[in-house]
Structure formats: structure tokens, C-alpha cells
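Asks: Next up is a structure, given as C-alpha cells.
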Amino acid sequence: MIPLLTLSIYLFLAVQVFENDKVAYVFDSSSNVSGAMGSQVKAQLNSFLNEVKPVFQDFLTNNEFTPQTHLIFSNDDNLESVVAFKFNAVAKKFEKAGLVEKTIGSTDGILLGLEKVLPLYFTELEQMGRIVKSPYHDDRLFIFEKVKEKEGFSSVFLLIVHLSEVAEVFRAQSSQRLYLISQDGTILFGPEGTSGAFMQSSFPLRFLERKDNKVAQGAETIKDAENTDWLVSYSRAGFGDLMVVSTVEKKKALSAVGILIRKSLIFFGILLAVTAVISLVASSSLTSALTSLFQATKKVSEGDFNIRVKVTSSDEVGALAENFNLMAEEVSRLLQETAQKARMESELQTAKTVQETLFPETQAKIGPLSIAGFYEPASECGGDWWHYCQVGRKIFLWIGDATGHGAPAALITSAAKSAATIIEKLNVTPAQALELLNRSIYDVSKGRIMMTFFLGAYDPDTSELVYVNASHEAPFLIKKSNDPLKKKDLVPLNEVNNPRLGQDRDTKYKQTTVQLAPEDMVFFYTDGIPDIQNKAKESWGERQFIKAIVSANQDYPTANVSVNRLVQMMQDYRQGGTLIDDVTFFVMKNDLNL
0 MIPLLTLSIY LFLAVQVFEN DKVAYVFDSS SNVSGAMGSQ VKAQLNSFLN EVKPVFQDFL
60 TNNEFTPQTH LIFSNDDNLE SVVAFKFNAV AKKFEKAGLV EKTIGSTDGI LLGLEKVLPL
120 YFTELEQMGR IVKSPYHDDR LFIFEKVKEK EGFSSVFLLI VHLSEVAEVF RAQSSQRLYL
180 ISQDGTILFG PEGTSGAFMQ SSFPLRFLER KDNKVAQGAE TIKDAENTDW LVSYSRAGFG
240 DLMVVSTVEK KKALSAVGIL IRKSLIFFGI LLAVTAVISL VASSSLTSAL TSLFQATKKV
300 SEGDFNIRVK VTSSDEVGAL AENFNLMAEE VSRLLQETAQ KARMESELQT AKTVQETLFP
360 ETQAKIGPLS IAGFYEPASE CGGDWWHYCQ VGRKIFLWIG DATGHGAPAA LITSAAKSAA
420 TIIEKLNVTP AQALELLNRS IYDVSKGRIM MTFFLGAYDP DTSELVYVNA SHEAPFLIKK
480 SNDPLKKKDL VPLNEVNNPR LGQDRDTKYK QTTVQLAPED MVFFYTDGIP DIQNKAKESW
540 GERQFIKAIV SANQDYPTAN VSVNRLVQMM QDYRQGGTLI DDVTFFVMKN DLNL
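In terms of numbering that gives the first Met the number 0, the sequence shown is numbered consecutively and its last residue is 593.
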């Protein structure tokens, strides 16, 4: 009964799917046909318009048609005539102002026959700018084109053209009927006997009822007056309000469904009989294999992931058993990796804790200098490092940024801290200190990981800051003033710039000196601050970063207040966003009171 029910449902669904696919195929093919015909009509009509544009221009320039315009008509048999209309302000209507035609005297009779409908055409033209009509229901199209002149007035040109080949395609009788219609549903070209009729009289097309419909292509299923189902697709020609409509009777389109049902019933009976025989034979081996799988899954639920099922067949059950074995093996491997990952995360956390000991207190007062800083790594371990210390009478200020971040960069900062601890005991200049630090970094990384660095030494006796820069971001000197701080008041300490630490073991570094006045401030930072991103992955940027420095130090606050303000601005922009690089900065203020 299960195969019988399953196959019955399958047969029903297969017929439905086939029918839907067939309808979709008909819609797709008919849309392609209507789109191709629309493109052909558009291309041919645009070709006519391009061909007669010199005729339009000739009339607009000379206020009449000159003899040269007749040459255009002699080269194209499909062009019949061009009529120019001007608006008579007194009579308040358009009147014929010029005429050029292939057969002399033929157009006046045409215009006389259109005398009653021309005002309606002109009214419609005011709204559309271009309309296409076929008032005589033959292979001629009447194109009305509104052209604005420089003075603001408008002229109307009527172009009469023959589209014999296109009209013949629309007249051809086949299971798929093609119609060239205007927006109001009037059939311009169509099967024999339909030209001039309204499309809605035969097919109640919903898209024609929506006047605001601007969709280029569409399809719908409708019922005609005789309750017959039709598959209809349409495409806008892209010329005026013309549309190409394709109709196919649904019954004819789905004639193959009946054949499918008959063949499916035969196949259904055969398949049912074969299924019954195979089910009886396979049930015993199938149930035994499933029992083994059931027992194995029970072991897995109890936490035994080393269980394996013996694969005895190459069918789906055998494949299932093999996949079960792979799954159990993969779960076992993942458990081992999870344990390993947990161990590594624990070690990284320990490394983070150890690295935090490399940094000084975030606030300090050394002699006349007040110092406050901030540090946040992008991962468990960072590659930034800052420090301050007193060597004799001088106060050394250190900040560096190793390549990248994470454990490798953290090892370099540890080496820098170790070397700095020894250098503090020596009586050396900043340049000499950086040369010693460079050798230490190079010996540790062998040139694979480098470090930018800035080192300054402040002498309280002379108020001079001697500094050396190894390709690091230049700190900003903030000079005390009676006016609020402005961007132009930030002085970058970039008089010297040397290669990075670890690039070459024997690099010699140059230093320079800057004079500090009482209440002057120096802002030290690494390049991770401008790269801060919000949740939308938008970077803070150098410009906003500079504005934040100026804003935080408008009133030349204490070092601690300056740092707290900048941290708040930074966090407000981040909104909890993930750091892509370590963030480190500190402020030094000269509190010397002269």
C-alpha cells in the first residue's frame, strides 16, 4: 500500500509539474517571440524616423519642405508621405502647413478621410508626445510625432509608412497568434479580420485595464467570452505606446499532457509490480542493516563515538552506514580539536595576562610631566606597546607598533620591553637607545617581523624633548595658547624619520630636538586608531581622528581628561564594532610652572 500511495502521489505531482513547466515554457517562448517582434517593429519604425529627420529639420528651418526632401522618398519604397501641422492660435487647432509625398495628390484624400478623428489624435498626442495609428486597417502605419521648436511652439509631423512584411507576420495563422496593439487596446496588425478591432472584445486582458502599467514584459492566463483558457504574453515595443501581444490556447499548449498521463499509467503499473517483488526480496536485508544502524546510533547517543558499522552492501543503506562511520569519525576528531582549541585559548588568555604586565600604569606623574594612556588589542595578544620611565634626570617616552597583531606580534613587544629594561640602565641618547632596540628586534625576528617606533627623552632642566622616529606615526605637539585649539595648531613631530626596527641590524638612527613650554602637550598614538570601524564597517578615518584630537583638547585639559574624552569619542563611533588593529595612544603634558 505504501508504494501504491507513493506512486499515485508521484503521478499526480508529475502531471502537475509537467503542466506547470509546459505553461512556463509557453510563456517563455511566447514572451521571446513577442519581445523579438516588438524589437523588430521598434527598429523599423526608428529607422523610418531617423531617415526622415532631415525632412523634419528642413521644414523647421525653412517653414516649408524644399525640393531636396523628395530625394529621401525616392530611396525608400516604404515611405509614403510626411505631413507637417502647425497650431493655429486663432482657430485653436492644428492645420496642415506642409506636405511631401511619393505619389502626388494621394495624401490629401487620406487626410480628408481622417478629418473627424484628427482632433482626437492631436489631443492624445499632447499627452503621449508620439502615437501610432492604423486607421485604414491595412499594412500602413500613421506615426504622429510632436517636435518642440526653439521658440517654445510645437509642430506635429505625420509620417505614413508601409510595413508589409511585418504586417504579414502578424496575419499569419498558427497556434500562436500575434497582435500589434496600442495602449487603448486597438489592434493595428493581427490575424485576418482583427485589424481595427479592440483586443478587449476577444480577450479581457488585465494589463490593459491598468493605465499606469509600465512593465516592459508580462504574461497572464485569461478566459475569453466562450470560457476558453488562453495563455497571453505581452512585450512593449519601446516605440510610442505600441505593444506586441501573443496568445496561445491553453488546451492546445497542454495537448502533450494527455500523452504523458497515458504513458505514465502504463509505466506506473509496471513499476508497481516490480516494486512489490523487489520490496519482498530486499526487506529482510534492509531491516537487518537498519537494525545495525539503530544500535550504532544508540551507542553514539550514549557518548561512544568510536563505534563503527560494518558495511556489507553498496546500495543506499550501505552508503548510509559508510556515511555514519564518517560522521562518527568526524565527531570524534572535532571533539579532539575542540579540546585542543580550548587549551590554546586558555594559553592565549594566559599570554594576554602576561602581556598586560608589559604595560605601565595608565596614569602617572613623573617630575613635571603628567602621563595618561589607553591600550586595547584587536585580539587576545597585541602588537602595540607603550612605556615611560625615568633615566637619571631625563624622562623617556616609548611607543611602538609591531607588524600585524596576535601572538607573533606580542612576542616582538615582549622583546622590545626586555631590551628597554636593559637600555634604561644605560646612559644613552634616544638615537643610541633605538639602535640597541633595533638590534634586539632584528635578532629575535630575523627581519620577518618589524616594528615602527618613536622614542622621546624629556629633560626637565632645559624643557627640551629629544626624539627619534623609526617610521612611526608622528606624535602631535599641542602648544598652549589663550585661544581654543584648532587643527592648524597641531604640530607633527616629523623632523626626522628612520627605517623600522628589525629591518637592518646595523641601521644608524638620527634624532632631533624640540622645545616644550609650560602646559604644552604631546599626543602619541599608533596607526590602529584611524582604522577603527563601526558596525557598518565604515572606518573612522584620518580626518575624523584629527577632529577628535582637536575637540578633546579644546581647553588644554589635563592628560587624564584628554585621554578619557578621546576614548569616549572613539567608543561612540565604534558602537561595539570589532577592532581590526590594536589601538594605543597616550598623552604627555608639561605641568612645569615657570
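Beta carbons are placed, not taken as given, at the ideal position from N, Cα and C, and that holds for glycine.
For the alpha helix (DSSP H) that contains residue 419, what are its first and last residues?
Replies: Run containing residue 419: 406 to 422, per the alpha helix (DSSP H) assignment.
Asks: Name, in chain order, the residues that DSSP records as bridge partners for residue 14.
Replies: Per DSSP, none; premise fails for residue 14.
Asks: Excluding sequence positions up to five away, which residues of its chain have a Cβ less than 8 Å from the Cβ of residue 193?
Replies: Taken in chain order, the residues that qualify are 178, 186, 201.
Asks: Would you check if the distance between the CB atom of residue 473 and the CB atom of residue 491 is smaller than 8 Å?
Replies: Cβ distance < 8 Å, so residue 473 and residue 491 count as in contact.
Asks: Taking the straight line between their C-alpha atoms, what separation do you get for residue 593 and residue 586?
Replies: Its pLDDT being 42, under 50, residue 593 is placed unreliably by the model, and the measurement read from it follows with that caveat. Between residue 593 and residue 586, the C-alpha separation is close to 21 Å.
Asks: Report yes if the C-beta distance between residue 526 and residue 477 is below 8 Å; otherwise report no.
Replies: Contact flag unset, no.
Asks: Taking Cβ positions, are residue 584 and residue 531 nearer each other than 8 Å?
Replies: No, the pair does not count as a contact, with Cβ atoms beyond the cut-off.
Asks: Measure the alpha-carbon distance for residue 361 versus residue 322 and round it to whole angstroms.
Replies: Spanning the two alpha carbons is a distance of roughly 57 Å.
Asks: By the three-class DSSP mapping on this structure, what secondary structure does residue 202 have?
Replies: In this structure, residue 202 counts as coil in the three-state DSSP scheme.
Asks: For residue 139, which of helix, strand or coil comes out of DSSP?
Replies: Residue state, collapsed to three classes: strand.
Asks: Quick one: residues in its chain with C-beta nearer than 8 Å to the C-beta of residue 445, no 5 flanking neighbours on either side, listed in chain order?
Replies: So the list is empty, once near-sequence residues are dropped.
Asks: Should residue 62 be labelled buried (16 or more other beta-carbon atoms within 10 Å of its own) or exposed?
Replies: Residue 62 should be labelled exposed.
Asks: Tell me the rounded alpha-carbon separation between residue 209 and residue 182.
Replies: Cα-Cα distance, rounded: 10 Å.
Asks: In three-state DSSP terms, what is residue 167?
Replies: It is helical.
Asks: Note down, in chain order, each residue of its chain lying with its Cβ closer than 7 Å to the Cβ of residue 41, except the 5 sequence neighbours on either side.
Replies: So the list reads 236, 237, 238, once near-sequence residues are dropped.
Asks: Residue 459 and residue 367 look like a contact to me (Cβ under 8 Å); what is the Cβ gap, rounded to whole Å?
Replies: Confirmed, about 5 Å.
Asks: Helix or strand or just coil, what does DSSP make of residue 586?
Replies: Note: residue 586 maps to strand in three-state DSSP.
Asks: For residue 242, which beta-bridge partners are listed by DSSP?
Replies: DSSP lists 180, 235 as partners of residue 242.
Asks: Ordered along the chain, which non-local residues of its own chain (more than five positions away) have a Cβ less than 6 Å from that of residue 215?
Replies: Correct list, in chain order: 235.
Asks: Spell out the partners DSSP gives residue 388 in its beta bridges.
Replies: Beta-bridge pairing links residue 388 to 395.
Asks: Out of 588, 569, 536, 7, point me to the one whose CA is closest to residue 268's CA.
Replies: The residue with the shortest Cα to Cα distance from residue 268 is 7.
Asks: Using the Cβ count rule (16 or more neighbours within 10 Å means buried), how would you classify residue 379?
Replies: Result: buried.
Asks: Does the distance from the CB of residue 497 to the CB of residue 467 come in under 8 Å?
Replies: Against a cut-off of 8 Å, the Cβ pair of residue 467 and residue 497 comes out as a contact.
Asks: Go through its chain and collect everything with a Cβ distance to residue 357's Cβ below 7 Å, but skip five positions before and after it.
Replies: Same-chain partners within the cutoff: 384, 412, 413, 416.
Asks: Check residue 593 in the structure and name its three-state DSSP category.
Replies: Its pLDDT being 42, under 50, residue 593 is placed unreliably in this model, and the value from its coordinates should be taken loosely. Of the three classes helix, strand and coil, the one that applies to residue 593 here is coil, per DSSP.
Asks: Does the beta carbon of residue 115 sit closer than 8 Å to a beta carbon anywhere in chain B?
Replies: Looking at the structure shown, chain B is missing, and only one protein chain is on hand.
Asks: State yes or no: is the C-beta of residue 381 within less than 8 Å of the C-beta of residue 402?
Replies: Cβ distance not < 8 Å, so residue 381 and residue 402 don't count as in contact.
Asks: Is residue 82 helix, strand or coil when you go by DSSP?
Replies: Reduced to three states, the DSSP call for residue 82 is strand.
Asks: Would you mind sorting residue 567 into buried or exposed? The rule is 16 or more other CB atoms within 10 Å of its CB.
Replies: Its Cβ having fewer than 16 others within 10 Å, residue 567 is exposed.
Asks: Rounded to a whole number of angstroms, what is the C-alpha to C-alpha distance between residue 501 and residue 395?
Replies: Using only the alpha carbons, I get a separation of about 21 Å.
Asks: At the level of alpha carbons, what is the spacing between residue 9 and residue 265?
Replies: Cα-Cα distance, rounded: 14 Å.
Asks: So residue 475 and residue 398 are in contact, right, with Cβ under 8 Å, and what is the actual spacing, rounded?
Replies: The Cβ separation is near 13 Å, so there is no contact.
Asks: How do the region 68 to 83 and the region 49 to 58 stand: do at least 3 beta-carbon pairs fall below 8 Å, yes or no?
Replies: The region 68 to 83 vs the region 49 to 58: in contact.
Asks: How big is the Cα-Cα spacing for residue 123 and residue 174?
Replies: Spanning the two alpha carbons is a distance of roughly 35 Å.
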